[in-house]
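Using the UniProt record's numbering, the final residue of the first sequence is 147, and nothing's skipped along the way.
Think of the CB as a built atom: it goes at the ideal place given N, C-alpha and C, for glycine as much as any other residue.
Predicted, not measured: the structure shown is a model, and the values here were computed from it.
For reference, the structure discussed in these notes is given below.
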Amino acid sequence: MEVENTKALYPIGIVAELLNIHPRTLRIYEQEGLIKPARRGGKRFYSNNDLQWLKCLRRLLNEDGLNIAGVKKLLTVAPCWEIRGCEEFVRKSCPAILNFPVPCWDLVPRACKEKGLVCTECEVYLKKKNHVMMQRCMEEKVQDSTA
DNA sequence: ATTCTCACA
DNA sequence: TGTGAGTA
């Protein structure tokens, strides 16, 4: 049965235990804008989508040689909906990438625009590349590194 | 019992 | 990144 993956259910302690990530680290990820857990009464609560994203983030950070800055960059240049041509109603119910710090549908390729530069090819290339990376990452079966 | 923020190593 | 302090 498909429950709401967007519902914030887990407090930071549970998430930390489930993913073996120090609470401090989780807070830093949030501080860096890489994750946006819900807030209830000043407390953080993560959804299943958040967990999935965290697993993906972990892989990006630990295995794919990316750092926080790198992941941030990735997120700023990956308007997947534009690449896939998703309708608005599709975007709003996208199960994979949903609880991102910045909703994917709000992302706008701005790197070049701000500079008044028009490197369309480069932009498209990056978007596709990022899209593929994100898709693969989110789809991957994550093996808990429960050491 | 838990989490929060902040400072410090 | 991880810990300890002092709260809420």
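For the alpha helix (DSSP H) containing residue i, name the first residue and the last one.
i     : result
ALA16 : 12–19
Looking only at DSSP bridge pairs, what is residue i linked to?
i     : result
ALA38 : PHE45
Which residues in the same chain have their Cβ closer than 6 Å to the Cβ of residue i, if we skip the five residues on either side of it in sequence?
i           : result
TYR10       : TYR46
residue 206 : Outside the modelled stretch of the chain, which goes from 1 to 147, sits residue 206, for which no answer is possible.
PRO23       : ILE12, ALA16
With a CB to CB cut of under 8 Å and the five nearest residues on each side skipped, what residues in its chain are close to residue i?
i     : result
LYS43 : PRO11, ILE12
LEU51 : TYR10, VAL15, LEU18, LEU19
In this structure, how does DSSP classify residue i when only helix, strand and coil are distinguished?
i     : result
ASP50 : helix
LEU74 : helix
ASN5  : coil
GLU30 : helix
CYS80 : Caution applies to CYS80, whose pLDDT of 48 falls short of 50 and renders its modelled position unreliable; the value that the coordinates give is listed next. It is helical.
Let me know if residue i comes out buried or exposed under the rule of 16 or more other beta-carbons within 10 Å of its beta-carbon.
i     : result
ALA69 : exposed
ALA8  : buried
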